Amino acid sequence: MKRILWFVGVLFLIGGGDSALSQSYTTGQLADGFDWPAGKPEAPMIRKDNQTWFGTEYYLARGFTEHGHMGEDWNGKNYGDTDLGDPVYSCASGVVVYSEMYPGRGWGNVVIIRHAYREKSGQVAFVDSLYGHLHYRSVRMGEKVARGQKVGTIGKGKNGIFPAHLHFEIRKDLRVGMRRDLYPKTYATYHSPRHFINAHRTLRYESRQVRIPINTFLKSNPNRIYTTKIEAPAPTESTTIRPEVPETVAAAIQSETTTSEEATKPEKSKSLFQRLFGN
Ligand SMILES: [Zn+2]
0 MKRILWFVGV LFLIGGGDSA LSQSYTTGQL ADGFDWPAGK PEAPMIRKDN QTWFGTEYYL
60 ARGFTEHGHM GEDWNGKNYG DTDLGDPVYS CASGVVVYSE MYPGRGWGNV VIIRHAYREK
120 SGQVAFVDSL YGHLHYRSVR MGEKVARGQK VGTIGKGKNG IFPAHLHFEI RKDLRVGMRR
180 DLYPKTYATY HSPRHFINAH RTLRYESRQV RIPINTFLKS NPNRIYTTKI EAPAPTESTT
240 IRPEVPETVA AAIQSETTTS EEATKPEKSK SLFQRLFGN
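One point on numbering: in numbering that gives the first Met the number 0, the residue at position 234 of the sequence shown is 233, and numbering is uninterrupted.
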């Protein structure tokens, strides 16, 4: 009996020691730039009716604030649930480090993608982009995704508790995962998504592969919540790439949509709508 216990102890030490010391990596390409997660990839950010718009299709329903809202809420131009089911795209090339129905706090389906990119200083850096309240997820954990690849669709959160919108975050701290409660709710942990994206629109293409750390959520979160298996539909359409819109067509859409009074008029229920926005 003693001998068996000793043997089990040695196995534990080997296993525990190994996982505590080594960091796991995958390889991937450096992002060649960052785009918006919905609508036209590089739509100009404009002010209209005291709101920030991403082109003419989406507006910022709620922005990033330290100690307040750790990401941005994107809602469709016609407000309310009109954006339900709209495609959500990976803002840059990267690897899926989380794709699950998260059981807590109305999150619903969540996808987190890790991106490697080169900072202006020359340093290789990493960020995680998070897409929350998704109706469907269309990528799997560990999958490599391209810039503009569809990762899911806009949803209403767990049990449909919110008006449809995309909750979008960019994290500089790769340990956060679904445990925002364990890390400072400040710029030390997060970027303001639209500012980060605007500052990293175009990055030089580099063909070389870099090491991208993975499994960072698990190691740093001793109180990690184990999510249960879910009955979400199997991922599909994982190879969908955002279609190119020819310039002439884009210009036509622009001219037809910018003059519409209906599209820019906020609904009466907007304050309620905004109050309902969670996470
Ligand atoms: Zn939100």
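Every residue, glycine too, gets a C-beta built ideally from N, C-alpha and C. None of the values given here were measured: they were computed from a predicted structure.
Excluding the 5 residues flanking residue i on each side, which residues of the same chain have their C-beta closer than 6 Å to its C-beta?
i      : result
Arg140 : According to the sequence provided, residue 140 is Met. The question's Arg does not apply to it. Closer than 6 Å at Cβ, skipping near neighbours: Val95, Ser98.
Thr188 : Asp172, Tyr182
Val175 : Tyr182
Gly32  : Arg200, Thr201, Leu202
Lys155 : Phe161, Ala163
Asn108 : Met100, Leu133, Arg136
Thr185 : Glu65
From residue i to residue j, what does the alpha carbon distance come to, in whole angstroms?
i      : j      : result
Phe216 : Gln22  : 11 Å
His132 : Asp85  : 12 Å
Thr201 : Asp180 : 33 Å
Tyr135 : Asp127 : 19 Å
Asp48  : Tyr78  : 14 Å
Arg113 : Ile196 : 14 Å
Pro36  : His199 : 14 Å
Asn214 : Ala163 : 30 Å
Thr26  : Leu165 : 29 Å
Arg117 : Ala30  : 8 Å
Asp80  : Asn74  : 8 Å
Thr51  : Ser120 : 30 Å
Val110 : Val144 : 12 Å
Could you give the residue range of the beta strand (DSSP E) that holds residue i?
i      : result
Ala124 : 123-136
His166 : 165-170
Arg46  : 44-47
Gln28  : 23-28
Glu71  : 71-75
Tyr97  : 93-101
Gln148 : Per DSSP, Gln148 belongs to no beta strand (DSSP E) and is neither H nor E.
Phe53  : 50-53
Val87  : 86-88
Helix, strand or coil: which one does DSSP assign to residue i?
i      : result
Thr81  : helix
Asn214 : coil
Ile153 : strand
Gly159 : helix
Arg117 : strand
Arg61  : strand
Ile224 : Reliability of the predicted coordinates at Ile224 is poor, the pLDDT of 42 falling under 50, and no value is obtained from them.
Near residue i, which residues of its chain fall below 7 Å by C-beta distance, leaving aside the five closest residues on each side in sequence?
i      : result
Gly38  : Phe53, Gly54, Glu56, Tyr57
Pro192 : Phe63, Gly70, Glu71, Phe167, Glu168, Ile169
Ala115 : Gly27, Leu29, Ala30, Val123, Phe125, Val209, Ile211
Report whether the distance from the Cβ of residue i to the nearest heavy atom of ligand 2 is below 8 Å.
i     : result
Gly79 : Looking for ligand 2 in the displayed structure turns up nothing; the ligands present are ligand 1.
May I ask which residues mark the beginning and end of the alpha helix (DSSP H) holding residue i?
i      : result
Ile196 : 192-198
Does residue i pass the burial test, meaning 16 or more other C-beta atoms within 10 Å, or should it be called exposed?
i      : result
Asn158 : exposed
Gly103 : exposed
Asp82  : buried
Pro43  : exposed
Pro183 : exposed
Ser206 : exposed
Glu168 : buried
Ser92  : buried
Tyr204 : exposed
Arg46  : exposed
His190 : buried
Tyr130 : buried
Taking 8 Å as the limit between beta carbons, can you name the residues of its chain near residue i, skipping five residues before and five after?
i     : result
Glu41 : Asp34, Trp35, Arg200
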